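Letter by letter, the sequence shown follows residues 1 to 716 of full-length UniProt numbering.
Ideal Cβ placement from N, Cα and C applies to all residues, glycine included.
Note that the structure is predicted; figures quoted are calculated from it, not measured.
Heads up, the thing below is written out as structure tokens.
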Amino acid sequence: MLLCRATSIQVGANAFLSSLHSDRLTHQGFGLGDTLHKRFLSTNTAAPFATADNYQNNDAKKGPLRVPGHGLPVDFEIFEGTGIDTIIGGFSHGFSQWIQHRRNTIKELTMIRIMDALTDKPHWHQKVFDEQIMTKWKLEGMRSSKLMITEKTWEWMVKELRWKARRYAEQGFTTSLETGTVIVKADGKHVGEDLREELKRAVQPLLQVDEAKKDWHPGSEGMVLNLVHPSLYAFVYGRTPVLVDTNVDLGAHTTSIGQRTTTLSADAADIDDDGLRPNTSGEHIYSNRDRWSTKFQWLPCEVAFTGDDGVDVKITSYINNLHPIQHSALYSVVAKMISKSIQPWNEVLGKYQEHYCGFRTWQDGEISQFPDDIPDYELLLCLMNEDGDDLEENRRFVEDYLTEPDNPMYMPAEHGDHPEYRFGPHGKPFPLEGKWWKKNPDLEMALYDKWERVRITEHPESDLSKFDAWAASKPYSTAHHKPAELRGGIENAFREDGLQVIVKLSSIELRPEKPDYTGGSWHLEGKMNEHIVATSIYYYDVDNVTESRLTFRQEAQLDMMDIEYDASNHGPIDDVYSVRNLNDCPGVQLVGSVATKQGRLLVFPNTLQHRVEPFSLVDRTRPGHRRFLVVWLVDPHYRVLSTRNVPPQQKEWWVGFNGKDSASSETAGQEDAYDYKSWTMSREEAKRFRLELMAERTNVMKSVEGSYENYNFCEH
């Protein structure tokens, strides 16, 4: 067991704001006050596995600090229900608590992608009630979708678009890409131009620093500029002190807080070597090490609701890496953006396998193919290999087949295109004599390629009679009611305890010498330590770059028990569900992408994996950028270590600290007496820890992707 030297800090409860009262407190960091005591404390603070009954969200004001990693195992989780009905509590995340009940049909994905494009059009919420415009959009949709959009499908889309428009008029934002999950996109009506300009101004001091002080994200080739990033000065087990009796507050001006700190050891997770953690009965519960961290945790700040109702909030503890005095204006704007995110969070959050799961199309029974008079692939192979008097007749038969018109719904992007296997007028010539098939080793592949291009699969249609149930999220298939916490909104369910959020500010900077951003990788946010359940991204400043999009995918099942199919012919399943490599296909499905234009707020649950798509400079002779604010919501069912409990680790914030009123000449120059240097970090050390944190987190998606269940297409 590691015994760490701990520093006891008595911190002025006026915390950061107190230094505003002294002209000499220009370098105080945030006006920490009175005395620092040195003690040695045991780090054995981890408790056995706990249930929801004895888990406490208390912060130090209300009682002993008891959070995952301090009094509870790092991998602590809440469980709800009893017996076989027991599930992991809290809101869902994509690490282990969410899977789409059934993969969406390609027709449904086509529908939601077209509707996303239509709801990007100016004044779309008015245009959807104009029959002339809707007729034009219908023809465009039918052409662009390779006839996937039929009359019945379009009728559903019209009803859904008008339903969205009515909700937009009430809420100021709209939902999009609704599958088992949903995202929210909000433009100027929800977040006005005044707020965008206010944020843009407040961020300027972070941009206007010396080049040597700019924090370019490791591995970004000098393109991603970190303005505020939680990976720098993250909580480090065995290194970072924790206040155990008190809090670091932004508000109170008169009292002093803080007596003891302790340093938590990295073994607080209580995870065995086999990746299992014990519960109270001595049994084991699976816990994948790569999804938890016993080394690091991002630090959220605390957010309190103001008043008895509504969504207005204030930030009550410092944002990690954002000095609250030097950037007080930015704190105010970030609080406003958190308020703007709350109603969208209510839209996207869900509980374990209880997301919005209505389907616009549903496949049951046999998947039909037609027309029947086109010979199947196996018959053509038999004809091709016959000999004797029928050889020439078979040759003509195969040649005629290879020149059949393609199915207009065939999508090369989905199936792959193979022009090297084409024969006939637009491909290779047919041999005129001899055993012609033996002279063309590509002919077998040509037959298969043509079979893929001519067969027509009957796709399931939308049933307009089910629209109201779909829209109300009522169970008619796999949809579920909203969980109780969301019926009145998180602003009411968690008003007393408030919220915890993690803040990031970044800018992707392109220059003539580096004009192209190649995009990001698939990921979920954070590790399970952070309990992140939703993301809010606001794109407040986009200049001289091409359109960039955020693409989403999710884990999805494909239960074949309800679908009839020929075990030797998986083509129809591929057509309906867009599944390739049928016997070795991971259970994940691309949902779609959303534009990230200036002034847009995007909100989505952490059940969705996402990645940034490439973009480039428009005018390649001058620089361009894409700047955005990210707010991650910590599951409010939990309480994790936050900046309320952890003093700032930035050594430069403490330079000049003397523990007393700086106006007193008697205390000047006494910062060594308070020994902040023994537990704060230099920027170089913080960057070294960041590289370790980043390396650790590269394994998260490998673990998640490695747990996908492959679809099982039985050969029966």
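Supposed contact pair residue 142 and residue 149 - C-beta distance, whole angstroms, cut 8 Å:
5 Å
Just tell me which of 163, 129 and 116 has its CA closest to the CA of residue 468.
163
Excluding the 5 residues flanking residue 114 on each side, which residues of the same chain have their C-beta closer than 6 Å to its C-beta?
141
Can you check whether the CB of residue 504 is closer than 8 Å to the CB of residue 724?
Nothing can be reported for residue 724, as the shown portion of the chain is limited to 1 through 716.
Express the C-alpha separation of residue 161 and residue 641 in angstroms, rounding to a whole number.
43 Å
Spatial neighbours of residue 616 within its chain, please: C-beta separation below 6 Å, excluding the five flanking residues on both sides.
515, 516 and 546
Return yes when the Cβ of residue 225 is within less than 8 Å of the Cβ of residue 509, no when it is not.
yes
As a quick exercise: from 654, 645 and 689, pick the residue whose alpha carbon is nearest that of residue 243.
645
At which residue ranges does the region 97–177 contain complete beta strand (DSSP E) runs of 3 or more residues, listed in the order of the chain?
174–176
Would you mind working out which of 182, 676 and 188 sits nearest residue 654, comparing C-alpha positions?
676
How should residue 340 be labelled, buried or exposed, when 16 other C-beta atoms within 10 angstroms of its C-beta is the threshold for buried?
buried
Rounded C-beta distance between residue 557 and residue 93? I'm assuming under 8 Å.
Not really, about 17 Å apart at Cβ, beyond 8 Å.
For residue 599 versus residue 191, is the C-beta distance shorter than 8 Å?
yes
Whose C-alpha, out of 530, 166, 651 and 83, is nearest the C-alpha of residue 638?
530
If contact is defined by three or more beta carbon pairs under 8 Å, each pair taking one atom from either stretch, is the region 193–202 in contact with the region 163–183?
no
For residue 720, the first and last residue of its enclosing alpha helix (DSSP H)
Outside the displayed range of the chain (1 to 716) lies residue 720, so it cannot be described from this structure.
Would residue 574 be called buried (16 or more neighbouring beta carbons within 10 Å of its own) or exposed?
buried
Take every Cβ of the region 291–307, pair it with every Cβ of the region 683–693, and state whether three or more of those distances are shorter than 8 Å.
yes
Check for me: the beta strand (DSSP E) holding residue 186 runs from which residue to which?
183–186
Give the DSSP-derived three-state secondary structure of residue 268 in the structure shown.
For residue 268, the pLDDT reaches just 44, beneath the cut-off of 50, and the residue's location in the model is therefore unreliable, although a value from the coordinates is still provided. Helix.
At what residues does the beta strand (DSSP E) containing residue 319 begin and finish?
Residue 319 -> no beta strand (DSSP E), and no H or E assigned at all.
Inspect the CB distances between the region 172–179 and the region 112–129 and report whether three or more fall short of 8 Å.
yes
Between the alpha carbons of residue 300 and residue 456, how many angstroms are there, rounded?
53 Å
Sort 156, 472 and 502 by Cα distance to residue 525 and report the nearest one.
502
Is residue 157 buried or exposed, if buried means 16 or more other CB atoms sit within 10 Å of its CB?
buried
Could you tell me which residues DSSP pairs with residue 589 in its beta bridges?
554
For residue 491 versus residue 311, is the C-beta distance shorter than 8 Å?
yes
Any idea which residues DSSP pairs residue 611 with across the strands?
551
Please state if the CB of residue 498 and the CB of residue 304 are separated by a distance shorter than 8 Å.
yes
What's the call for residue 209, buried or exposed, on a 16-neighbour Cβ count within 10 Å?
exposed
Proximity to residue 112 [Cα-Cα], best of 126, 316, 462 and 351
462
Whole-number beta carbon distance between residue 289 and residue 528, since they are thought to touch under 8 Å:
Actually they do not touch by this definition, with Cβ atoms about 10 Å apart.
So residue 628 and residue 537 are supposed to be a Cβ contact under 8 Å. How far apart are they, rounded?
6 Å
Closest to residue 107 by CA distance: which of 576, 697 and 588 is it?
576
Inter-residue spacing [alpha-carbon to alpha-carbon] between residue 406 and residue 123
38 Å
For residue 371, which residues from the same chain have a beta carbon less than 8 Å from its beta carbon, with the 5 sequence-adjacent residues on both sides left out?
Low per-residue confidence applies at residue 371: pLDDT is 47, beneath 50, and the placement is therefore not dependable, though the value from the model is reported in the following sentence. Hits under 8 Å: 456.
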